[in-house]
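Each remark here refers to the structure printed beneath this line.
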Amino acid sequence: MGDVLSSVQPAEEFALTPAEGSGASGRRAAGARLEAIFREHYPRVVGLLARLMGDRGQAEEIAADTFSKLAGRPLLLQDRDDCTPWVYRVATNAGLDAMRSNSRRRRREEESQAAILRSGAPSDALDEMLRAERRGHVRAVLAALKPRDAQLLLLRADGLAYREVAETLGIQPGSVGTLLARAEAEFERKFRARYGDHL
Amino acid sequence: MSDCWSEGQPKECWSEGQLRAYIDRELPAEEVERVTAHLEQCSECGDLWAELAGRADRVSALMRELSEPGPVVAPVRKPFVRRSVRRWAGAAAALAAGVMLGTVALRKHATEVAVAPPASPPAVVESAAGIPDSPVETAHSAVALAPARPARSVSSRPIRKPAASGLTGDGPFLALDNEPIESGVVWRVELGPRAVPAEVVVDSEGRPRAIRLIDFKPNHGGGK
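Protein chains in written order, with this note's numbering: chain A, 1 to 199; chain B, 200 to 423.
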């Protein structure tokens with residue numbers, strides 16, 4: 001943890017203006033809170049982004065970047081309930097942005113895969129290619145959803161209970177079922193529109 | 200929850216969100232019972248439940264496609280350290296097992312082991328697999344092995360009283376298996392509660408291959 005923390009941690013000297021921080025003790029508390037949030041959420045944010053983007057290195061970059069942005073938001077850091085949803089929102093949005101700017105590359109990859117499929121390949125490779133293609137479809141549909149819907153599906157796929165999903169996204173626990181049902185319906189609708197009925 | 204009417208009786212229908220939570224077993228226990236009872240009699244809610252459950256399955260199957268084989272780990276470089284520690288721990292465990300085996304073998308066959316004269320000490324332990332097996336079990340056949348650093352092993356811990364000659368001090372190593380040893384390093388270890396000093400030849404994979412006790416008194420185990 002040391003490596004990334006040290007790159008993120010400039011919280012201590014970061015843009016703490018006198019109006020925002022309340023002296024050295026306030027800065028120390030903000031640093032401690034940043035570290036606690038980092039420890040608790042960094043692996044999950046990376047996992048979520050890696051699944052969303054299919055690129056672990058880029059996922060780690062975006063997650064680290066998100067936490068370093070958080071380090072520059074001392075007011076946000078004062079309220080832990082607020083900053084967890086903030087971290088997930090900022091990280092997911094950054095991931096979705098990166099995916100959209102990657103989309104040309106992705107399309108090229110998909111086309112080359114399709115070419116290999118047409119030429120006929122051994123069954124293992126074929127199987128893996130079909131799965132890779134399906135992963136690409138899932139990611140494309142997630143990127144086309146509203147960010148919160150994509151987050152809901154990703155967190156739920158991560159095995160989080162409704163209460164945890166609600167805390168992470170800053171929504172009411174009672175509304176998770178409704179929002180999840182809508183997100184799933186939207187996902188399925190978009191998937192079918194793009195790739196046919198083959199779910 | 201909304202009130203519907205069926206055959207003149209009000210009945211409680213459940214919202215999409217509540218049914219979705221029911222599917223995920225995320226409703227409180229008392230509501231679960233009510234939903235279950237309701238689903239048995241309300242076909243509309245039953246249809247909605249089936250639709251939601253089917254979609255939840257399909258979507259989660261697609262989402263599972265994204266899951267990675269490896270666990271999610273924070274970007275720490277420590278795992279590498281830990282892994283190497285674990286490897287050494289494994290080697291140490293293997294060594295301990297081998298050392299115990301060696302001790303047992305020595306106690307049993309101390310008098311039977313064919314002892315070959317020590318070769319001139321080379322820098323690295325060399326194989327002497329050409330030596331014919333002794334009449335004892337092949338697994339404990341003796342192999343002439345020169346210690347990697349004989350000077351250190353002798354000078355750092357002087358032999359108090361060599362007992363069974365050939366098994367101690369500058370004597371040859373006792374092989375722990377009957378495979379040839381091509382190269383290895385000599386570890387100084389202490390065996391058992393009496394901390395009997397010994398030297399063990401460990402090969403490049405960390406496996407103990409041969410052993411030699413430095414101050415071995417076979418008949419001293421009963422008590423002091």
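Virtual Cβ for every residue (Gly too), placed ideally from N, Cα, C.
From what residue to what residue does the alpha helix (DSSP H) around residue i run?
i	result
Ala397/B	Premise fails: Ala397/B lies in the beta strand (DSSP E), 395 to 401, not in any alpha helix (DSSP H).
Leu238/B	228 to 240
Ala56/A	Here residue 56/A turns out to be Arg, not Ala, going by the sequence shown. Segment 56 to 71, the alpha helix (DSSP H) holding Arg56/A.
Arg156/A	147 to 157
Leu75/A	74 to 77
Glu167/A	162 to 169
Gly177/A	176 to 195
By Cβ distance below 7 Å, which residues in the same chain neighbour residue i in space, the five residues on each side in sequence not counted?
i	result
Glu186/A	Leu145, Asp149
Ser326/B	Low local confidence applies: a pLDDT of 41 at Ser326/B is under 50, so the model's placement there is unreliable, and no value is given.
Arg281/B	Per-residue confidence for Arg281/B stands at a pLDDT of 39, beneath the threshold of 50, marking its modelled position as unreliable; no derived number is given.
Arg156/A	Val165, Leu180
Pro220/B	The residue you asked about is not Pro; residue 220/B is Ala in the sequence shown. Hits under 7 Å: Leu226.
Ala143/A	Leu96, Met99, Arg100
Ala338/B	Its pLDDT being 38, under 50, Ala338/B is placed unreliably in this model, and the value from its coordinates should be taken loosely. Within the same chain, Ala338/B has close Cβ partners Asp376, Asn377.
Any beta carbon of chain A sitting closer than 9 Å to that of residue i?
i	result
Cys244/B	no
Pro346/B	Its pLDDT being 43, under 50, Pro346/B is placed unreliably by the model, and the measurement read from it follows with that caveat. Chain A, which has no Cβ nearer than 9 Å to the Cβ of Pro346/B, makes this no.
Ala240/B	Reading off the sequence, residue 240/B comes out as Gln, not Ala. Not an interface residue.
Ser259/B	yes
Arg263/B	yes
Ala397/B	no
Ala255/B	yes
Glu232/B	no
Asp223/B	yes
Leu375/B	no
Leu412/B	no
Pro274/B	Note on Pro274/B: pLDDT 40, under 50, position unreliable in the model; the coordinate value appears next. Yes, contact with chain A.
Please decide whether residue i counts as near chain B, where near means a Cβ-Cβ distance under 9 Å.
i	result
Glu167/A	no
Thr178/A	yes
Ser68/A	no
Arg148/A	no
Glu184/A	yes
Gly26/A	no
Ser101/A	no
Glu188/A	yes
Arg156/A	yes
Leu34/A	no
Leu52/A	yes
Gly174/A	yes
Leu145/A	no
Ala181/A	yes
Leu96/A	no
Ala221/A	This structure leaves residue 221/A out entirely; chain A is present only between 1 and 199.
Arg194/A	no
Ala161/A	yes
Gly21/A	The predicted model places Gly21/A with a pLDDT of 45, which falls under 50 and marks its position as unreliable, so this point remains unresolved.
So, at 6 Å on beta carbons, what are the nonlocal neighbours of residue i in its own chain, with the 5 sequence-adjacent residues on each side left out?
i	result
Glu389/B	Pro396
Ala59/A	Val46, Leu49, Ala50, Met53
Ala252/B	Ile222
Ala183/A	Asp149, Leu152, Leu153
Val401/B	Gly383, Val384, Trp386, Pro407
What residues in its chain sit with their C-beta under 8 Å from that of residue i, if we drop five residues either side in the sequence?
i	result
Val87/A	Ile37, His41, Val45, Thr66, Phe67, Leu70
Leu160/A	Thr168
Asp223/B	Ala255
Trp248/B	Leu218, Tyr221, Ile222, Leu238
Gln172/A	Ala166
Pro147/A	Arg89, Thr92, Asn93, Leu96
Asp81/A	Glu167, Gly170
Arg56/A	Val46, Ala50
What residue does the beta strand (DSSP E) around residue i start on, and which one ends it?
i	result
Arg411/B	407 to 412
Ala225/B	The question names Ala, but residue 225/B in the sequence shown is Glu. Note, Glu225/B: premise wrong, no beta strand (DSSP E); not H, not E.
Glu389/B	384 to 390
Tell me whether residue i counts as near the ligand GDP, meaning its Cβ is closer than 8 Å to at least one heavy atom of that ligand.
i	result
Gly391/B	What this structure holds is no ligand at all, so the ligand GDP is not there to describe.
task = Please name the residues in the region 73 to 91 of chain A whose beta-carbon is closer than 8 Å to at least one beta-carbon of chain B, in chain order.
result = none
ask   = Going along the chain, which residues of the region 210 to 221 of chain B sit with their C-beta nearer than 9 Å to a C-beta in chain A?
value = Ser214, Glu215, Gly216, Gln217, Leu218, Arg219, Ala220, Tyr221
inquiry  = Which residues of the region 383 to 407 of chain B have a Cβ closer than 8 Å to any Cβ of chain A? Give them in chain order.
reply    = Those residues of the region 383 to 407 of chain B that come within reach of chain A (Cβ to Cβ, closer than 8 Å) do not exist; the list is empty.
ask   = the region 121 to 139 of chain A: which residues have C-beta closer than 9 Å to a C-beta of chain B, in chain order?
value = Arg131, Arg134, Arg135, His137, Val138, Arg139
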